[in-house]
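Each protein sequence line maps, in turn, to chains A and B. Quick note: the first sequence uses the numbering used here, first residue 19, plus one each step. Quick note: the second sequence uses the numbering used here, first residue 57, plus one each step. The block underneath contains the structure these notes are about, expressed in structure tokens.
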Amino acid sequence: MSDARSPTALQALRARIAAIEAHGQAPRGVLPFGVAALDASLPEGGLLRGALHEVAGGGQGMLDASCATLFAAGILARCPGPVLWCLTKADLFAPALAQAGLDPDRVIYVEAADDKAVMACFEEGLRHGGLGGVVAEVARLSMLTSRRLQLAAERTGTIGIAVRRWRRPADAADFGQPTAAVTRWRISALPSAPLPVPGVGRARWLVELIRNRAGECADFMMEACDETGHLGVFANLAHGSLAPPAGQRQAVA
Amino acid sequence: MRRLPGSAKPSPDAPLVLLGRQGRRRVVMAADAQALALGIRPGMAATQAHALVPDLPSLPADPAEDAAGLQRLAQWAQRHYAPIVAADPPDGLLIDATGATHLAGGAQAMLAGLVRRLTEAGIQARAAMAATVGAAHALARRKANPTLVDSTAGALADLPIAALRLPGDIVAGLQRLGFEHIGALEATPRAPLALRFGPEPGRRLDQAFGRRAEPITPVTTPDLPQVHRVFAEPIATAEALALWIAELTRALCAVLDGKCLGARRLDLLFHRVDAGIAAIRIGTAKPARDAKHLARLLCAQLDGIDPGFGIEAMTLAAPVSEPLDFQPAASRLGEAPVADIAGLIDTLTNRVGQARLYRLAPVESDIPERAMHKIAPLAPPTRLRWPPQWPRPPRLLTPPEPVETMALLPDNPPVQFTWRGLRRRVRRADGPERIYGEWSRHTAERDAVRDYFQVEDEAGQRFWLFRAGDGTHPETGSHRWFLHGLFG
């Protein structure tokens with residue numbers, strides 16, 4: 019672990035591999051989270067543009083994926099350009115996305131009939147190249163489809179986020195299957211810090227990086243997206259001894 | 057008739073009949089709803105009608121003008137709804153909706169929209185959609201309005217035989233034999249029927265049940281930009297069709313180029329060897345003249361085309377076109393060009409339908425369900441925002457689900473609540489955010505009040521609950537609790 023961070027030889031090697039991989043493709047940028055611990059755990063120092071990322075809700079939020087949706091909205095809020103949001107079930111409440119920093123003028127919704135149609139729209143959006151990002155709410159994501167999506171994203175440099183949602187908790191076992199996505203995240207709600215007065219403070223999330231190509235898995239405790247789409251670091255932990263500082267724990271998933 | 061200009065326009069409050077000649081008699085050719093209510097029926101002698109209603113306003117019937125009007129209506133329907141439309145005199149329109157409903161947001165939405173637009177234009181319309189022309193013809197005239205049927209045979213069985221488009225004397229003869237419904241006629245052996253009434257009843261039955269083809273010859277609009285290609289040999293493979301689609305779009309774009317137009321709708325008709333016509337219709341979000349893009353949109357719809365024994369001719373027309381103006385990609389020097397996503401919007405629209413591709417713009421309403429409305433994906437930016445003070449959940453339950461709670465009245469949040477069989481203890485809560493009913497929209501909401509609370513349970517899950525009513529006055533609501541959204 020410590021070796022992976024310090025020597026420049028490995029980084030030079032990574033750069034060469036990246037150059038080989040990027041042959042003939044659109045230049046890929048990186049979208050940093052602006053949180054040092056999170057960015058450090060990703061090999062490129064941020065979320066790769068021109069790649070497919072997977073996000074799912076954890077625990078009780080598995081079926082509605084509310085936290086995961088806001089997480090995705092926060093990422094797209096920081097990408098310029100119009101955003102395509104593909105869904106099958108129109109239960110999304112747009113004002114919440116606006117509160118995560120995603121301008122309503124930028125989001126185009128497409129309500130497809132089934133998962134297959136969602137995938138087709140998703141791929142079409144990634145392939146076009148004029149969009150800032152594409153989100154799709156899907157249940158199943160096979161290796162083959164995700165590979166197609168990943169290739170489409172690589173070619174145009176558009177960021178693609180698959181928000182995984184299932185109808186039944188049993189279906190969520192599908193989330194363990196491998197896909198071609200570059201990163202895979204699981205976002206679950208954490209109890210928020212008690213306020214000195216009655217009320218509810220800023221939401222807190224457990225952000226688990228379950229899969230990370232060319233990097234290590236990790237999990238973080240974060241404050242939810244603010245109105246510009248940025249995650250926050252805990253200012254002070256309410257139970258100081260409960261958890262080590264964010265980002266230094268190793269994943270168990 | 058009520059849309060005549062100037063002083064010739066009949067008053068909308070009085071009954072109106074059209075009088076014409078049948079042989080040597082003057083008869084009522086048509087009567088409006090008010091005249092029908094007064095007991096006047098089409099076919100009644102004019103003198104009898106005048107005797108019933110002394111100063112009955114009447115106009116001379118003009119069959120030629122009626123036919124021309126129906127033709128114009130068919131052309132209008134062809135522009136707006138489907139590529140294959142034909143006038144069905146004296147009072148009907150035939151629309152082959154195959155391959156065209158996707159742009160209107162589905163068959164049901166297309167029927168409802170068609171009836172609404174005709175009604176707004178002052179035309180009483182009844183519409184039905186079925187698998188065959190005969191069935192649709194019968195259902196439109198006999199069933200509730202508008203009707204969409206999946207099982208043609210089931211829907212036809214209990215209709216009277218007069219709905220079968222048979223001459224009056226055959227209908228009367230069949231009724232004398234005791235046939236009342238189409239189902240009974242269908243179940244009877246054919247040979248005695250044919251012996252007595254000729255081939256007509258059998259033919260109409262076969263047409264209605266789809267055993268005999270009934271091609272529609274579509275109306276054509278003169279001076280429409282269109283190109284037509286006839287092939288030496290019938291073609292049937294997808295590759296050959298795609299090749300010819302590319303060729304036709306190139307030719308059509310050249311035609312459009314000469315007129316400085318861009319296409320908003322494209323109709324592609326495949327003329328089959330067996331005289332049937334299959335059609336594809338596509339729409340674009342902005343006027344387009346890019347042959348490659350249009351060909352790609354058309355080819356994406358090829359799956360639904362059955363070439364049968366082969367296609368011997370193809371016609372590509374642009375029923376709706378608009379002036380095409382080019383705009384510079386970047387408005388200022390040095391500025392990054394804004395990517396044009398109209399092409400993507402077209403592709404998606406033709407895949408999922410116009411109604412399913414939208415942006416959501418804020419509406420000034422405190423009721424969460426009404427806080428937004430759908431606008432076109434390429435509409436100019438509204439620059440409207442929702443008020444940012446109160447947190448809103450990313451998932452909304454429609455309709456709100458009732459929950460069982462324990463809460464102190466009038467304004468405390470619940471201590472615990474049970475949703476979908478799971479009891480949750482509330483750890484933290486914020487509220488109430490009081491939302492008043494919109495009395496200006498619905499009188500029933502005059503006193504209605506909702507008190508919204510954001511609550512967090514022990515696991516950190518956040519919920520958006522509301523109580524119907526202010527907790528004190530029973531007229532403001534039932535004081536029951538509902539879960540309206542999930543924050544995650």
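Note that beta-carbon positions come from the ideal geometry of N, C-alpha and C, so glycine has one too.
Query, Result
"DSSP on B:Asp214, reduced to helix/strand/coil?", "coil"
"For the candidate residues B:Ala247, B:Pro257, B:Val205 and B:Phe265, whose alpha-carbon lies nearest to that of B:Asp225?", "B:Pro257"
"Rounded to whole angstroms, how far is the Cβ of B:Asp402 from the Cβ of B:Ala341, which I believe are closer than 8 Å?", "6 Å"
"Answer with yes or no whether the minimum CB distance from A:Glu241 to chain B is below 8 Å.", "no"
"The stretch 129 to 159 of chain A: which residues have C-beta closer than 8 Å to a C-beta of chain B, in chain order?", "Glu129, Ala130, Ala131, Ala135, Ala138, Cys139, Glu142, Gly143, His146, Gly147, Gly148 and Leu149"
"Checking contacts by CB at 8 Å: is A:Arg61 closer than that to chain B?", "Here residue 61 of chain A is Pro; the residue named in the question, Arg, does not match the sequence. Judged by the 8 Å Cβ criterion, A:Pro61 is not in contact with chain B."
"Quick one: is B:Gly339 near chain A, going by C-beta distance under 8 Å?", "no"
"Roughly how many angstroms separate the alpha carbons of A:Val200 and A:Arg182, rounded to a whole number?", "15 Å"
"Tell me the start and end of each unbroken beta strand (DSSP E) in the stretch 85 to 167 of chain B that is at least 3 residues and wholly inside, in chain order.", "114 to 116, 140 to 144 and 148 to 152"
"Going along chain B, which residues have a C-beta under 9 Å from A:Ala221?", "Pro447, Glu512, Gly516, Arg518, Phe543 and Gly544"
"Compare the C-beta of A:Ala116 with all C-beta atoms of chain B and state if any pair is closer than 8 Å.", "yes"
"For B:Ser421, I'd like the list of residues in its chain whose CB is within less than 7 Å of its CB, leaving aside the five on either flank, ordered along the chain.", "Ala427 and Glu494"
"Under a CB-based cut-off of 8 Å, is B:Arg481 close to chain A?", "no"
"How long is the line joining the alpha carbons of B:Phe473 and B:Arg480, rounded to whole angstroms?", "6 Å"
"Applying a beta-carbon distance threshold of less than 8 Å, which residues of chain B neighbour A:Leu208?", "Gly516"
"For A:Phe111, which three-state DSSP category applies?", "coil"
"Residue range of the beta strand (DSSP E) that B:His327 falls in?", "Leu317 to Arg328"
"Out of B:Leu149, B:Pro418 and B:Gly162, which has the shortest C-alpha to C-alpha gap to B:Thr273?", "B:Leu149"
"Give me the Cα-Cα distance between B:Arg59 and B:Leu129, rounded to the nearest whole angstrom.", "Its pLDDT being 41, under 50, B:Arg59 is placed unreliably by the model, and the measurement read from it follows with that caveat. If you take the alpha carbons of B:Arg59 and B:Leu129, they lie about 14 Å apart."
"Can you round the beta-carbon distance between B:Met185 and B:Leu167 to whole angstroms, since I take them to be within the 8 Å contact cut?", "6 Å"
"A:Met137: buried (16+ other C-beta within 10 angstroms of its C-beta) or exposed?", "buried"
"Give a yes or no on whether the C-beta atoms belonging to A:Glu62 and A:Val53 are separated by under 8 Å.", "no"
"Between which two residues does the beta strand (DSSP E) carrying B:Phe522 extend?", "Arg518 to Ala524"
"Would you call the stretch 76 to 88 of chain A in contact with the stretch 371 to 379 of chain B, where contact means no fewer than 3 C-beta pairs closer than 8 Å?", "no"
"Looking at B:Leu539: is its Cβ nearer than 8 Å to the Cβ of B:Leu453?", "yes"
"Using only CA atoms, which one of B:Gln510, B:Leu304, B:Ala156 and B:Pro202 lies nearest to B:Gln164?", "B:Pro202"
"In angstroms with no decimal places, state the Cα-to-Cα distance between A:Ile35 and A:Leu70.", "19 Å"
"Taking Cβ-Cβ distances shorter than 9 Å, what residues in chain A pair up with B:Met595?", "As shown, chain B starts at 57 and ends at 544. That puts residue 595 of chain B outside it, with no answer to give."
"Quick one: give me the first and last residue of the beta strand (DSSP E) that A:Glu142 is part of.", "From DSSP, A:Glu142 is part of no beta strand (DSSP E) but of the alpha helix (DSSP H) over Asp133 to His146."
"Classify A:His298 as buried or exposed, calling it buried when 16 or more other Cβ atoms lie within 10 Å of its own Cβ.", "Absent from the model: residue 298 of chain A. The displayed extent of chain A is 19 to 271, so no value can be given."
"Between which two residues does the alpha helix (DSSP H) holding B:Asn201 run?", "Careful: B:Asn201 lies outside any alpha helix (DSSP H) and carries neither H nor E."
"Grab me the residues of B:Gly266's own chain with a C-beta within less than 6 Å of its C-beta, minus the 5 sequence neighbours each way, in chain order.", "Ala187 and Thr188"
"Looking at B:Ile217 and B:His237, is the spacing between their C-beta atoms short of 8 Å?", "yes"
"By the DSSP assignment, the beta strand (DSSP E) with B:Leu74 in it spans what residues?", "Val73 to Gln78"
"Report the rounded CA-to-CA distance for B:Asp279 versus B:Val311, giving the unit in angstroms.", "11 Å"
"DSSP three-state call for A:Asp189: helix, strand or coil?", "helix"
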